[in-house]
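Visitor: Okay, here's the structure, questions in a sec.
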Amino acid sequence: MRDTAALAAGDMLAKAAEAARFLRSLGQEHRLAILCALIEQPCQVGELAARLGLAQPKVSQHLAILRAEGLVSATRSGTRQTYALANGTVATIVTALQGAFCPAPAMPPRQRKGTD
1 MRDTAALAAG
11 DMLAKAAEAA
21 RFLRSLGQEH
31 RLAILCALIE
41 QPCQVGELAA
51 RLGLAQPKVS
61 QHLAILRAEG
71 LVSATRSGTR
81 QTYALANGTV
91 ATIVTALQGA
101 FCPAPAMPPR
111 QRKGTD
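Numbered per full-length UniProt numbering, the sequence shown finishes at 116, counting up by one with no gaps.
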């Protein structure tokens, strides 16, 4: 944990404002689902739309917001863009949210030999 006592009041408020902007971006369910999908692998808009069951224009709109906020980056290859998480901070926070709200399914109990 960082020592917030070492931050001047103005710096603390500036960092709090930055964190609030970040959290507002995560506060929309479709944007958060897009970020969760991008943790697994970079994707194109069509792949994200199909995976999340959303219309492609809606996914594009959300990606534009996430890009403007610096949460995702895009790499162009010909006419296609592939989107990925912009940095490790985004991945760390989204991974923590997944752990809290999307726990891994329980593994089925192992069967003992000779018990069918």
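Cβ coordinates follow ideal geometry from the N, Cα and C atoms, glycine included.
(1) Would you be able to state if there are at least three C-beta pairs under 8 angstroms between the region 74-89 and the region 40-51?
(2) Which runs of the alpha helix (DSSP H) spanning at least 4 residues fall entirely within the UniProt domain "HTH arsR-type" (13-105), listed in chain order?
(3) Can R51 and A37 be called in contact, C-beta distance under 8 angstroms?
(4) How many Å lie between V59 and L71 at the Cα?
(5) Have a look at R21, M12, L26 and G10 and flag the residue whose alpha-carbon is nearest the alpha-carbon of Q98.
(6) In chain order, what residues of the same chain lie with their CB nearer than 8 angstroms to the CB of G46, ignoring the 5 residues before and after it?
Guide: Result, derived from the coordinates:
(1) yes
(2) Within the UniProt domain "HTH arsR-type" (13-105), the complete alpha helix (DSSP H) runs of at least 4 residues are 29-40, 45-52, 56-68 and 88-101.
(3) Going by C-beta atoms, R51 is nearer than 8 angstroms to A37.
(4) 14 angstroms
(5) L26
(6) Q56
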